[in-house]
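*Asks:* With mature numbering (1 follows the signal peptide of the UniProt record, and there is no 0) as the guide, the letters of the sequence shown map in order to residues -23 to -1, 1 to 278. Backbone N, C-alpha and C fix where the C-beta goes; we use that ideal spot for every residue, glycine too.
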Amino acid sequence: MKTINILFGAIAGMALCSMPAIAKSVETDGTPMKVMSYNLRYTNKIDTAENAWAARRQPSIDMIRDERPDIIGFQEPRADQRADLIEDLGDTYGFFSAVENGADPKQCGHVAIMYLKDRFTLLDKGHFWLSPTPDVPSQPEWNATDRQYRVTVWVHLYDKVAGKDLYFYDTHLPYKWADNEARTECVRLNVARMKENAGDSAAVFITGDMNTSWHPSDKRREGLAPYFEWMSGARESAPVNLNPDTYSFNGFGGGVPKDSWNLDHIFYRNVTPLEFNVVSSEKYGVKYISDHYPITLTLTY
């Protein structure tokens, strides 16, 4: 066992992003792990040619097999895409969404988690709605103009390699610019549920399309503040960023890239970050495997 101090990474993130940093020493046995967040773009009839899911399915699977993340948080997979993920990756990965937990598919929030079955044992699982009544099917209130069901799913896993357990959450926040209050309240709810389930000492992750960046020019950024008060952001604190000039949102190449396009995030607690990456390779057969690039965090804990 050795102690790795991540103070330097936190200070660097603070200087770059003026973020509330959480700097701490954590115990690690040096066993690496990789987690991924991937908004794979829902099946949409307006997406044609290589932007259609039929064209992106195999490239997405090839990317996952190439990256081999230990745990993945997905956003936007519809029923056909969930079935495709299970068919293509189910031999290797366990799968969980709110539908598997009994939610109505029309109210499931379209988020899911996959985890390597040979590494992890599923100890517990659950979901809740991002609303003032999170334990019953409901939509965000808080003056939200985005009237979709928003859900967070979570799993409690035992890591057979590290000999430890962890909690992994995946979410997708309201997307409209006007919904800052709703996003902030959704994040507060996520943090409250993580604290309730995991406590202060467990390794905890939350991934997702948060529909806001942490860039100082982004007027929506305040919605992320409750995460940063209790956790650290992978993009902001990892000592190595393999692709710092690429934003996680790409819009299938439409629009002019801007600092506010880093919509996708991985937040963590009680682990040591090693490397952050935006997976933007075009080697999988299409220019864009989604309108968002997957992001990864390699870590030890």
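1. When the distance is taken between beta carbons, is Met13 closer than 8 angstroms to Glu44?
2. Let me check understanding here. Comparing Cα to Cα, which of Asp112, Glu77 and Thr148 lies closest to Thr184?
3. Does DSSP put Ile243 in a helix, in a strand, or in coil?
4. Count the other CB atoms within 10 Å of the CB of Ala121; is the residue buried (16 or more) or exposed (fewer)?
5. Let me check one thing: in DSSP terms, what residues is Gln52 bridge-paired to?
6. Comparing alpha-carbon positions, which option in Asn188, Asn239 and Asn247 lies nearest Thr277?
7. Could you tell me the alpha carbon to alpha carbon distance between Pro271 and Pro109, rounded to whole angstroms?
8. For the beta strand (DSSP E) containing Pro250, list its first residue and its last residue.
9. Alpha carbon to alpha carbon, what distance is there between Pro114 and Asn239?
10. How would you label Ser267, buried or exposed, when you count the other beta carbons within 10 angstroms and need 16 or more for buried?
11. Measuring alpha carbon to alpha carbon, tell me which of Pro9, Arg197 and Tyr15 ends up nearest Ile243.
12. Going along the chain, which residues of its own chain have a beta-carbon closer than 8 angstroms to the beta-carbon of residue 284, five neighbours each way excluded?
13. Which residue comes first and which comes last in the beta strand (DSSP E) that contains Lys102?
14. Looking only at DSSP bridge pairs, what is His269 linked to?
15. Identify the residues that DSSP records as bridge partners of Val217: which are they?
16. Beta-carbon separation of Gly71 and Leu99 under 8 angstroms?
17. Could you tell me the boundaries of the beta strand (DSSP E) in which Thr184 lies?
18. Taking only beta-carbon positions, decide if Leu134 is within less than 8 angstroms of chain B.
19. Given a cut-off of 8 angstroms on the beta-carbon distance, is the pair His160 and Arg197 in contact?
20. Just to confirm, are Met187 and Leu150 a CB contact at a threshold of 8 angstroms?
21. Alpha carbon to alpha carbon, how far is Lys141 from Asp47?
22. Kindly provide the ranges of any beta strand (DSSP E) runs that are 3 or more residues long and lie completely inside the stretch 131 to 202, ordered along the chain.
23. Nearest to Ser190 by CA position, among Val255, Trp106 and Phe226, is which residue?
24. Just how far apart, CA to CA, sit Pro117 and Lys94?
25. For Thr275, count the other beta carbons within 10 Å of its own beta carbon; 16 or more makes it buried, fewer makes it exposed. Which is it?
26. Ignore the nearest five residues each way along the sequence and tell me which others in Val181's own chain have a CB closer than 6 angstroms to its CB.
27. Does the separation of the CB atoms of Lys153 and Asp123 fall below 8 angstroms?
*Replies:* Quick answer:
1. yes
2. Thr148
3. strand
4. buried
5. Asn16 and Val88
6. For the options Asn188, Asn239 and Asn247, the alpha carbon positioned closest to that of Thr277 is the one of Asn247.
7. The straight-line gap from Cα to Cα measures roughly 30 angstroms.
8. Pro250 -> beta strand (DSSP E) spans Thr249 to Val255.
9. 29 angstroms
10. buried
11. Tyr15
12. Because residue 284 is not part of the residues shown, which for the chain are -23 to 278, the question remains open.
13. Here the beta strand (DSSP E) through Lys102 covers Phe97 to Trp106.
14. Phe226
15. Glu252.
16. Yes; because the gap between Cβ atoms is below 8 angstroms, this pair is in contact.
17. Ala180 to Asp186
18. Among the chains of the structure shown, chain B does not appear; only one protein chain is present.
19. The amino acid occupying residue 160 in the given sequence is Arg; His does not appear at that position. The answer is yes: Cβ separation under 8 angstroms.
20. Taking 8 angstroms as the Cβ cut-off, Met187 and Leu150 qualify as a contacting pair.
21. 14 angstroms
22. 141 to 149 and 180 to 186
23. For Ser190, the closest C-alpha among the options Val255, Trp106 and Phe226 is that of Phe226.
24. 33 angstroms
25. Counting Cβ neighbours within 10 Å, Thr275 comes out buried, since at least 16 surround it.
26. Excluding residues within five positions, the ones whose Cβ falls inside 6 angstroms are Tyr144, Met171, Ala175 and Arg246.
27. yes
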